[in-house]
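Protein chains in written order, with this note's numbering: chain D, 43 to 153; chain H, 76 to 190.
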């Protein structure tokens, strides 16, 4: 049973517009959430994270929002750029420090 | 070399072969990880090493055998694999996990095909 779910396998967004990637989780004990970005033929790279005690974290064009009551987080990218085309993984950390990843969402930025 | 490197990048092996995957991290980290990424599945944690000690074995079949001779090197020895073991095997490293800080740095992966 998946504890971290990314229900959209792919997403296409026009360049310059906002990209919103969603992630749901089932375990209320997760205390830390991370987003990773992966290009083809490369390993995932850390993008941004948020602690469960916060509801928002911003880093340049990237903002992550956490809604604990809904067990939902989202990654906003604005404005979207061609280099943002990649697979984005949502991940959550449990109390045993184990990180659990979602299946990923492939983001296509359209010219 | 910087970051996390993995060799080989691609590997094709028969079910009776024995091969090894190698990972090296140049970041001074103390924890190293093996992950498996199969098509349309989440990244699956296989093994965790902290200061060369194995702290996690996520119910991985014995045909996968990890080895961590020091905090910079990690191997995954493979023998008598099955076709369903074909996947991308990712190595990662991090500082020993600390509260609020747990960024893992990944290598590029080894694409394994078992025939």
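C-beta: ideal position from N, C-alpha, C; glycine also. Computed from a prediction, not measured in an experiment: that's the story for all the values here.
### Query
Got a sec: is the Cβ-Cβ distance from residue 175 of chain H to anything in chain D below 8 Å?
The residue given as residue 175 of chain H occupies position 100 in the second chain. Unreliable positioning characterises residue 175 of chain H in this predicted model, as indicated by a pLDDT of 39, which lies under 50. The coordinate reading is nonetheless provided below. By this cut-off, residue 175 of chain H is an interface position.
Can you list, in chain order, the residues of its chain whose CB lies under 8 Å from that of residue 91 of chain H, leaving out five sequence neighbours each side? Against the second chain, residue 91 of chain H aligns to sequence position 16. These residues qualify, in order along the chain: 155.
TODO: Could you check the C-alpha separation between residue 175 of chain H and residue 82 of chain D for me, to the nearest Å?
DONE: The residue given as residue 175 of chain H occupies position 100 in the second chain. The residue given as residue 82 of chain D occupies position 40 in the first chain. Residue placement at residue 175 of chain H is flagged as unreliable, the pLDDT there being 39, under the threshold of 50; the coordinate-derived value follows with that caveat. About 29 Å.
### Task
Please confirm if the region 131-147 of chain H is in contact with the region 123-132 of chain D, defined as three or more CB-CB distances below 8 Å between the two stretches.
no
Check the C-beta distance from residue 113 of chain D over to residue 68 of chain D and give it rounded, since I have them as a contact under 8 Å.
Counting from one through the first chain, the residue named residue 113 of chain D turns up at place 71. Counting from one through the first chain, the residue named residue 68 of chain D turns up at place 26. Indeed they touch by this definition, with Cβ atoms about 7 Å apart.
query = Which parts of the region 108-162 of chain H are runs of the beta strand (DSSP E), unbroken and 3 residues or longer, counting only runs that do not cross its ends?
reply = 119-125, 128-132, 139-145, 148-154
> For residue 46 of chain D, which residues of its own chain have a beta-carbon under 7 Å away from its beta-carbon, when the five flanking residues on both sides are left out?
Replying inline: Taking the first chain and counting its residues from 1, one reaches residue 46 of chain D at position 4. So the list reads 65, 67, 132, 133, 134, 142, 143, 144, once near-sequence residues are dropped.
Q: For the region 71-78 of chain D and the region 104-118 of chain D, state whether three or more C-beta atom pairs, one from each stretch, are separated by less than 8 Å.
A: yes
Query raised in the report: By DSSP, does residue 126 of chain D sit in helix, in strand, or in coil?
Result: Here residue 126 of chain D refers to the residue found at position 84 when the first chain is read from its first residue. Here residue 126 of chain D sits in helix by DSSP.
| Helix, strand or coil at residue 95 of chain D according to DSSP, with G and I counted as helix | Here residue 95 of chain D refers to the residue found at position 53 of the first chain. Residue 95 of chain D: coil per DSSP, three-state reduction.
### Task
For residue 83 of chain D, go through chain H and note every residue whose CB falls closer than 7 Å to its CB, in chain order.
The count along the first chain starts at 1 and reaches residue 83 of chain D at position 41. Within 7 Å Cβ-Cβ: 183.
*Between residue 108 of chain D and residue 94 of chain D, which are expected to be in contact by the criterion C-beta below 8 Å, what is the C-beta distance as a whole number of angstroms?*
By 1-based counting over the first chain, the position of residue 108 of chain D is 66. By 1-based counting over the first chain, the position of residue 94 of chain D is 52. Indeed, because the Cβ distance is near 7 Å, the residues count as touching under 8 Å.
I need the boundaries of the beta strand (DSSP E) containing residue 63 of chain D, first residue and last residue. Numbered from 1 along the first chain, position 21 holds the residue referred to as residue 63 of chain D. Counting along the chain, the beta strand (DSSP E) containing residue 63 of chain D begins and ends at 61-67.
Report task. Could you name the residues of chain D that residue 79 of chain H contacts, counting a contact when the two beta carbons are closer than 8 Å? Result -> Here residue 79 of chain H refers to the residue found at position 4 when the second chain is read from its first residue. Result: 85.
Would a check of beta-carbon distances place residue 149 of chain D closer than 8 Å to chain H? Taking the first chain and counting its residues from 1, one reaches residue 149 of chain D at position 107. So no, residue 149 of chain D is outside the interface.
Self-check item: Contacting positions in the region 124-146 of chain D - beta carbon closer than 9 Å to chain H
Solution: Result list: 131, 133, 135, 138, 139, 140, 141, 142, 143, 144, 145, 146.
**Proximal residues of chain D, C-beta to C-beta of residue 96 of chain H below 7 Å** = Position 21 of the second chain holds residue 96 of chain H. Those do not exist, as residue 96 of chain H stays about 13 Å from chain D at its closest Cβ, beyond 7 Å.
**Report entry** Cβ pair count under 8 Å reaching 3, the region 118-130 of chain H against the region 87-104 of chain H
**Finding:** no
Proximity winner among D/152, D/96, D/120, relative to residue 76 of chain D (alpha-carbon distances):
The sequence position of residue 76 of chain D within the first chain is 34, counting from 1. Comparing Cα-Cα distances from residue 76 of chain D to each of D/152, D/96, D/120, the minimum goes to D/96.
> What is the DSSP secondary structure of residue 85 of chain H, reduced to helix, strand or coil?
Replying inline: If you number the second chain from 1, residue 85 of chain H lands on position 10. If DSSP states are grouped into helix, strand and coil, residue 85 of chain H belongs with the strands.
- Query: Which residue or residues does DSSP assign as beta-bridge partners of residue 167 of chain H?
  - Reply: Residue numbering aside, residue 167 of chain H sits at position 92 when the second chain is read from its first letter. In the DSSP output, where bridge partners are listed per residue, residue 167 of chain H has H/108, H/181.
Quiz item: Whose CA, out of H/162, H/150, H/189, H/88, lies closest to the CA of residue 168 of chain H?
Solution: Numbered from its first residue, the second chain carries residue 168 of chain H at position 93. Cα-wise, what sits closest to residue 168 of chain H is H/150.
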